[in-house]
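S.K.: Residues in the sequence shown are numbered from 172 upward in steps of one, following this note's numbering.
Submitted below is the structure of interest, expressed as structure tokens.
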Amino acid sequence: MSKSAELKSRKAAAVASGVATKGIYVVKAENSELWDVDGRRYIDFAAGIAVLNTGHRHPRVMAAVAQQAEAFAHTCFHVAPYESYVRLAERLNALAPGDFAKKSLFLSAGAEAVENAIKIARYYTKRSAVIAFSGGFHGRTLMTMALTGKVMPYKRGFGPFPAEVYHAEFPQPYRGISVEQALSDVERLFHGDVDPKSVAAIVIEPVQGEGGFNVAPFEFLRALRRVCDEHGIVLIADEVQGGIARTGKMFSIEHSGVVPDLITVAKGLGGGFPLSGVTGRASIMDAAHAGGLGGTYGGNPISIAAAHAVLDVIEEENLCARATRVGQKMHTRLQTLAKELPCIGDVRGLGAMVAFELVKDPKTKEPDAALTASILAHAEKRGLILLSCGTEANVVRLLSPLTIPDAVLEEGLNILAAAVKDACGVESARAVA
Ligand SMILES: Cc1ncc(COP(=O)(O)O)c(C=O)c1O
């Protein structure tokens, strides 16, 4: 029995079944590659679900963490605060879009950041309702499950959810949902379900992650900004997956020129260490009373040290530009593949957040979740880690570290092409030619 197989059966016996995993038990990882317990090497196109924008164990991040561990590992910011937290807030306040005073707070998980953004928006507006979007994903806590617009695997069986959450359509040109339709869906909510004057916040991922890498058309984001301004609603950009240089800008909403009131970040910020945050207008961020926000581990010193190194690396290694180049290479390769294979219905994304959608028939666009799962399995056999996404589980997403060397990226894309062809039943020798 391989070590992986043995661990798989131990996991099945010891770990709650709701915690789904791949079968790759890692022992070592470096930049864009990792090795499992059986000595197999994998190219990592998942990056810990968009966390390792700066790669596994970036030397700058590791050195910062080691240095911090020598000084202190935890005090709780509420008990004995530290300068590095304050300085990270200053850095994010300066980086976030908007020519106004900003403030930040730090937490641990992405879901906590979204929870806190909603708490802050409610306190500030003295309103309770929140509008989110179909296909959106915001986390696995109760409020963020309520905000999430994807039932499986996130919502089934876990209700009831907090009240006063409403969902509008997210525009999806490939699925025939235009910007106009999506905007009229928000109006529909205002007429049929919730008074806009009761809405505290509209929360949106400028590029949907779990929902299928759907890029919100910029005109849609601009229109939402106008809706929020008209009704005094707080606009929250959930940048947990799309932020921190992933799309070619520090925050994905910057592509649209729209300035949100609050931004949630996590994943890439900590470079592999748990850290999330909310950054936004000081007037809104300051609404809540002292003690109302925070938590025991929020802004843990080790994670904060990692985040400073991550921001330094993004700047010094020009990772925003690198994200654009990595994304272009992925797009070009996928578009070539799509011309050959009608099962690839759509190739989309922004920067190095790239995905392709699998369909049974390009005309009917019927989602093909089985083919998607097969592509992932073939890729894994060939040594490439991939993730799926999409409300119908029929989208393959590419999220390599932005620091991936060109040769490894090329190798990964070759494996990807071969895996798609394996899954489609096309001779694989031809696939890698
Ligand atoms: C856009 C978005 N928001 C929130 C979350 C939740 O983050 P976490 O899993 O760290 O709680 C995620 C996680 O994938 C995400 O993609």
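Glycine is no exception: its CB is placed at the ideal position from the N, C-alpha and C atoms.
1. Taking only the alpha-carbon atoms, compute the straight-line gap between residue 411 and residue 472 and give it to the nearest angstrom.
2. In three-state terms, what does DSSP make of residue 599?
3. Please state whether DSSP places residue 215 in a helix, a strand or coil.
4. So the alpha helix (DSSP H) residue 359 belongs to, where does it begin and stop?
5. If you reduce the DSSP assignment to three classes, tell me which class residue 343 lands in.
6. How would you call residue 501, buried or exposed, if buried means at least 16 neighbouring beta carbons within 10 angstroms?
7. For residue 560, which residues does DSSP report across the bridge?
8. Based on Cα-Cα distance, which residue from 495, 470, 590, 331 lies nearest to residue 508?
9. With three or more C-beta pairs closer than 8 Å as the rule, is the region 417 to 434 touching the region 374 to 392?
10. What does DSSP give as the partner residues of residue 585 in its beta bridges?
11. Please determine whether the Cβ atom of residue 400 lies at a distance below 7 Å from any heavy atom of ligand 1.
12. Looking at C-alpha atoms only, which residue of 292, 334, 285 is the closest neighbour of residue 310?
13. Who are the Cβ neighbours of residue 584 in its own chain at under 8 Å, not counting the five residues just before and after it?
14. With distances taken Cα to Cα, identify the nearest neighbour of residue 172 among 539, 208, 200, 185.
15. Would you kindly check if the distance between the Cβ of residue 361 and the Cβ of residue 307 is under 8 Å?
16. Any chance you could list the alpha helix (DSSP H) runs of at least 4 consecutive residues sitting entirely within the region 362 to 439, in chain order?
17. If we ignore side chains and look at the alpha-carbon of each, how far apart do residue 332 and residue 439 end up?
18. Touching or not, the region 221 to 228 and the region 429 to 444, by the rule of three or more beta carbon pairs under 8 Å?
19. Leaving aside the five residues before and after residue 216 along the sequence, list all residues of the same chain whose C-beta is less than 7 Å from its C-beta, in chain order.
20. Taking its Cβ as the centre, do 16 or more other Cβ atoms sit within 10 Å of residue 191, making it buried, or is it exposed?
M.R.: Reading it off the structure:
1. Position 240 of the sequence shown, counting from 1, holds the residue named residue 411. Position 301 of the sequence shown, counting from 1, holds the residue named residue 472. Rounded to whole angstroms, residue 411 to residue 472 spans 20 Å at the Cα level.
2. For the purposes of this step, residue 599 is taken as residue 428 along the sequence shown, with counting starting at 1. The predicted model places residue 599 with a pLDDT of 47, which falls under 50 and marks its position as unreliable; any figure quoted below should be read in that light. Here residue 599 sits in helix by DSSP.
3. Translated into the one-based positions of the sequence shown, residue 215 becomes position 44. Residue 215: strand per DSSP, three-state reduction.
4. Locating residue 359 in the sequence shown gives position 188, counting from the first residue. Here the alpha helix (DSSP H) through residue 359 covers 350 to 363.
5. Along the sequence shown, read from residue 1 onward, the residue named residue 343 stands at position 172. Residue 343: strand per DSSP, three-state reduction.
6. Residue mapping note: residue 501 aligns to position 330 of the sequence shown, counting from 1. By the 10 Å Cβ count, residue 501 comes out buried.
7. Numbered from 1 along the sequence shown, position 389 holds the residue referred to as residue 560. Answer is 566.
8. Along the sequence shown, read from residue 1 onward, the residue named residue 508 stands at position 337. Here the closest residue by C-alpha is 590.
9. yes
10. The sequence position of residue 585 within the sequence shown is 414, counting from 1. Bridge partners of residue 585: none, in fact.
11. Working through the sequence shown from its first residue, we reach residue 400 at position 229. Checking every heavy atom of ligand 1 against the Cβ of residue 400, none is found closer than 7 Å.
12. Translated into positions along the sequence shown, residue 310 becomes position 139. Nearest of 292, 334, 285 to residue 310, Cα basis: 285.
13. Taking the first residue of the sequence shown as position 1, residue 584 is located at position 413. Here the set comprises 500, 501, 504.
14. Along the sequence shown, one-based indexing puts residue 172 at 1. Ranking the options by Cα distance to residue 172, first place goes to 208.
15. Here residue 307 refers to the residue found at position 136 when the sequence shown is read from its first residue. Here residue 361 refers to the residue found at position 190 when the sequence shown is read from its first residue. In this structure, residue 361 does not lie closer than 8 Å to residue 307 by Cβ.
16. 389 to 402
17. As a first step, residue 332 is located in the sequence shown; it is residue number 161 there, counting from the start. As a first step, residue 439 is located in the sequence shown; it is residue number 268 there, counting from the start. Looking at the two C-alpha atoms, the distance is approximately 28 Å.
18. yes
19. By one-based count along the sequence shown, residue 216 stands at place 45. The answer, listed in chain order, is 555, 556, 557, 569, 570, 571, 583.
20. Taking the first residue of the sequence shown as position 1, residue 191 is located at position 20. Its Cβ having fewer than 16 others within 10 Å, residue 191 is exposed.
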